[in-house]
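Colleague:
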Amino acid sequence: MKMSVLTRADLDGIVGTVLIKQVEDIDAVRFSEPKFVQDGEVDVFENDILINLPYDTRCAMWFDHHIANVRPKAFSGAFKPAPSAARVVFDHYLPNFPQLNNYAQLVAAADKIDAAELTYAEVMEPTDYLLLSMTIDGKVHEDKSYWLKLVELLSSQSISDVMNEPEVFARCEQFKVENEVYKVLVKENSRVEKNVLITDLRHYDKVPNGNRYFIYAFQSATNLSLKIVNDQERPGMVAIGVGYNIFNKTANINVGELLKKYGGGGHRAVGSTRVKQEAADQVVSELLRFLVNS
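Heads up, the final residue of the sequence shown is numbered 443 in the numbering used here, and it's a clean run with no missing numbers.
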């Protein structure tokens with residue numbers, strides 16, 4: 150039976166798709182944000198392989214690494230705490246498909262970026278895989294053809310060749326322009342409450358694409374960040390993200406489990422949720438009670 154991939158549009162999901170296409174008979178690739186799968190708003194079919202998304206009982210196989218996601222007692226596929234979902238796919242299939250070792254460098258890059266094991270210099274001047282990851286925005290559904298192109302490019306070309314592909318090069322240059330605007334917005338709309346950097350961008354209809362790790366480089370004295378933006382996909386909703394500062398990993402709180410209480414989820418060190426606009430201030434206030442001094 151031909152299989153289909155349903156994954157998240159980020160570098161981890163795309164690398165996981167590259168791997169699964171080497172070992173399974175895949176005839177289609179679809180993309181979704183985790184919250185839509187979690188809320189049952191996405192069609193999932195019996196031949197779907199879910200990668201880097203919450204589990205759905207209708208799928209054929211599931212590969213994930215988010216500790217806050219509900220795990221069934223029995224399922225086909227693999228789950229384990231790991232730097233990336235791509236690593237879970239890689240480790241699951243490697244014993245029977247040693248040719249996957251050809252993608253070891255690609256999986257290592259997905260690990261490093263998804264786990265945010267980055268240096269200050271890498272954050273300030275992203276290159277190669279990190280810069281490529283910044284051009285992937287799962288909220289821009291019109292980019293599906295670009296995401297599929299990346300699956301094909303990363304399946305067969307070196308990272309230097311991928312970065313020089315005309316569309317990839319152009320998107321990287323556009324990201325650099327938008328990122329300069331984004332950095333200004335972050336600086337102008339952030340405040341510190343004890344150990345938490347709060348960045349509130351709700352009064353912008355559209356936030357430019359920017360380096361999501363910049364908030365940590367901008368204010369490394371804090372150990373947690375809380376970012377609030379309007380949800381572009383769901384009018385009337387607000388997206389809230391919480392994360393450990395990657396340059397100051399002294400926080401002691403399970404972010405994924407905390408945000409699970411508010412309909413979201415994630416990892417121990419990073420997570421997100423979406424709430425109604427009228428409830429956002431209350432949720433932020435409640436979250437801060439957990440985050441401050443953590």
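No residue lacks a Cβ here, since even glycine has one placed at the ideal position from N, Cα and C.
If you draw a straight line from the alpha carbon of Ser225 to that of Gln254, how long is it in whole angstroms?
Modeller: One C-alpha to the other measures close to 26 Å.
Colleague: Is Gly420 buried or exposed, if buried means 16 or more other CB atoms sit within 10 Å of its CB?
Modeller: Buried: at least 16 other Cβ atoms inside 10 Å.
Colleague: Using 10 angstroms around the beta-carbon of Met150, count the other beta-carbons present and answer buried if the total reaches 16, otherwise exposed.
Modeller: Classification for Met150: exposed.
Colleague: Does the stretch 283 to 291 come close enough to the stretch 254 to 264 to have 3 or more Cβ pairs within less than 8 Å?
Modeller: No, the stretch 283 to 291 does not touch the stretch 254 to 264.
Colleague: Do you know how far the Cα of Tyr353 is from the Cα of Val391?
Modeller: Distance between the alpha carbons of Val391 and Tyr353: 19 Å.
Colleague: Please list the segments of the alpha helix (DSSP H) lying wholly inside the stretch 242 to 320, counting only runs of 4 or more residues, in order along the chain.
Modeller: Qualifying alpha helix (DSSP H) stretches, in chain order: 253 to 263, 269 to 273, 277 to 283, 293 to 305, 308 to 313.
Colleague: Expressed to the nearest angstrom, what Euclidean distance is found between the alpha-carbon atoms of Tyr295 and Ala234?
Modeller: Roughly 21 Å separates the two Cα atoms.
Colleague: Per DSSP, what kind of secondary structure is Ala158 in: helix, strand or coil?
Modeller: Three-state DSSP puts Ala158 in coil, outside helix and strand.
Colleague: Would Leu155 pass as a contact of Leu199 if the rule is Cβ separation under 7 Å?
Modeller: Yes, Cβ-Cβ distance for Leu155 and Leu199 is below 7 Å.
Colleague: May I have the straight-line CA-CA distance separating Thr399 from Asn372, to the nearest angstrom?
Modeller: Rounded to whole angstroms, Thr399 to Asn372 spans 6 Å at the Cα level.
Colleague: Under the rule that 16 or more other beta-carbon atoms within 10 Å means buried, what is Lys184, buried or exposed?
Modeller: With 16 or more Cβ atoms within 10 Å of its Cβ, Lys184 is classed as buried.
Colleague: Looking only at its own chain, which residues have a Cβ that is under 6 Å from the Cβ of Gly385, when we skip the five neighbours before and after it?
Modeller: Cβ neighbours of Gly385 beyond the five flanking positions: Gln426.
Colleague: How would you label Ala319, buried or exposed, when you count the other beta carbons within 10 angstroms and need 16 or more for buried?
Modeller: So Ala319 ends up on the exposed side.
Colleague: Nearest-angstrom Cα distance between Gly162 and Asn201?
Modeller: For Gly162 and Asn201, the distance between alpha carbons rounds to 6 Å.
Colleague: Starting from the C-beta of Leu375, find all residues in its chain whose C-beta is less than 8 Å away, skip the five residues before and the five after it, and write them out in chain order.
Modeller: Around Leu375: Val345, Leu346, Ile347, Thr348, Ile389, Gly390, Val391, Val433, Leu436, Leu437, Leu440.
Colleague: Helix, strand or coil: which one does DSSP assign to Asn328?
Modeller: It is helical.
Colleague: Spatial neighbours of Lys229 within its chain, please: C-beta separation below 7 Å, excluding the five flanking residues on both sides.
Modeller: Cβ within range, chain order: His214, Val237.
Colleague: Is it buried or exposed for Arg423, if we count other Cβ within 10 angstroms and need 16 for buried?
Modeller: It counts as buried.
Colleague: Please classify Ser140 as buried or exposed, where buried requires at least 16 neighbouring CB atoms within 10 angstroms.
Modeller: Look at the range of the chain in this structure, 150 to 443, and you will see that residue 140 is not part of it.
Colleague: Classify His241 as buried or exposed, calling it buried when 16 or more other Cβ atoms lie within 10 Å of its own Cβ.
Modeller: Result: buried.
Colleague: Who are Asp197's beta bridge partners in DSSP?
Modeller: Ser153, per the DSSP bridge assignment.
Colleague: Check Gly189 in the structure and name its three-state DSSP category.
Modeller: Correct three-state label for Gly189: coil.
Colleague: Given that a residue counts as buried once 16 or more other Cβ atoms are within 10 Å of its Cβ, and exposed if not, what is His416?
Modeller: Result: buried.
Colleague: Can you list, in chain order, the residues of its chain with a C-beta nearer than 7 Å to that of Glu342? Leave out the 5 residues immediately preceding and following it.
Modeller: Within the same chain, Glu342 has close Cβ partners Leu437, Val441.
Colleague: Is there contact here, the stretch 327 to 343 with the stretch 298 to 313, by at least three beta-carbon pairs under 8 Å?
Modeller: Because the criterion of three Cβ pairs below 8 Å is not met, the stretch 327 to 343 and the stretch 298 to 313 do not touch.
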